[in-house]
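To keep things clear, I will list the structure first and then write my remarks on it.
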Amino acid sequence: AVAAPALSVSGLCKTYDSGHIALKDINLEISKGEIFALLGPNGAGKTTLISVICGIVNASSGTVTAAGFDVVKDYRSARSIIGLVPQEITRDAFETVWGTISFSRGLFGKPPNDVYLEQVLRDLSLWEKRNSQMITLSGGMKRRVLIAKALSHEPDILFLDEPTAGVDVELRRDMWNLVRSLRDRGVTIILTTHYIEEAEEMADRIGVIHRGELVLVEEKQELMRKLGSKQLTLQLA
Ligand code: ATP
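As structure tokens, this is what we get:
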């Protein structure tokens with residue numbers, strides 16, 4: 059038997075109130091434990107797509123099912139198995155790192171699990187900073203906290219919106235290692251990126267989004283082969 063997909067997106071459309079059509083008929087299935095990269099230039103609709111999938115932005119039409127839960131009709135259940143690492147830096151200025159992530163876990167109604175949270179902080183090289191206030195951390199460290207926060211409630215599916223935009227080489231490498239180790243633990247990962255090298259480095263499959271349309275979904279090797287043999291060109295600028 060074929061396992062149910064971790065994520066199923068069908069006929070998804072989004073038109074903003076401004077009239078801007080940000081997503082056009084997106085259809086996509088992602089398997090449990092897969093790393094899927096959404097690749098596209100600025101303004102292509104990557105953030106909109108993951109925001110709609112996570113249920114924080116309403117779709118105009120279409121459906122999203124995450125681990126069997128309808129994201130619109132059963133938002134609470136769906137949200138509890140989803141972790142989202144947003145692009146922007148957190149605003150919890152005066153909270154400590156530990157306070158931030160334990161509070162976040164509580165928001166999802168999960169009982170405390172200090173052993174788990176300690177492991178998350180150690181994996182992200184944040185353990186030494188656990189008692190630091192957020193405001194005192196560097197941009198890179200704040201990014202790490204965003205990831206820790208998204209993992210605080212032990213999600214099955216993790217969305218990372220441009221996780222390595224503007225981060226240094228060390229953090230980028232840590233991020234890649236973290237994503238792989240999460241996948242090895244069965245977490246499904248969807249990330250957005252502008253960089254083909256990053257998609258190539260990390261993903262099992264790559265989806266290319268252009269002006270709100272998912273123009274291509276391929277196994278990584280197949281996409282790289284087509285690009286290499288010039289059967290395909292991508293405009294990502
Ligand atoms: P980037 O790589 O720059 O983050 P993106 O691929 O994530 O881009 P989106 O942020 O999803 O793209 O934006 C897609 C389009 O929708 C853009 O043209 C953007 O201006 C528009 N858009 C995004 N949010 C809104 C909004 N709240 N109201 C109106 N238009 C919006």
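If you use UniProt numbering, the sequence shown closes out at 295, no skipped numbers anywhere.
By construction, the Cβ of each residue, glycine as well, lies at the ideal position given by its N, Cα and C atoms.
Keep in mind it's a predicted model, so treat the numbers as computed, not measured.
From what residue to what residue does the beta strand (DSSP E) around residue i run?
i	result
residue 273	271-277
residue 242	Note, residue 242: premise wrong, no beta strand (DSSP E); alpha helix (DSSP H) at 227-242.
residue 80	79-88
residue 143	140-143
Please report the distance separating the alpha-carbon of residue i from that of residue j.
i	j	result
residue 94	residue 132	24 Å
residue 127	residue 246	15 Å
residue 89	residue 66	9 Å
residue 166	residue 143	15 Å
residue 276	residue 284	10 Å
residue 257	residue 190	33 Å
residue 254	residue 282	9 Å
Anyone know if the C-beta pair for residue i and residue j falls short of 8 Å?
i	j	result
residue 86	residue 141	no
residue 156	residue 188	yes
residue 207	residue 138	no
Go to residue i, then tell me how far its alpha helix (DSSP H) extends in each direction, as first and last residue.
i	result
residue 161	155-165
State the DSSP-derived secondary structure class of residue i, mapped to helix, strand or coil.
i	result
residue 220	coil
residue 124	strand
residue 261	coil
residue 109	helix
residue 69	strand
residue 62	coil
residue 194	helix
So is residue i in contact with chain C if we call contact Cβ pairs under 8 Å?
i	result
residue 228	You won't find chain C in this structure, because it holds only one protein chain.
The segment 96-116 contacting the segment 260-278, beta-carbon criterion three pairs below 8 Å: yes
Three or more C-beta pairs below 8 Å linking the segment 227-234 and the segment 109-118: no
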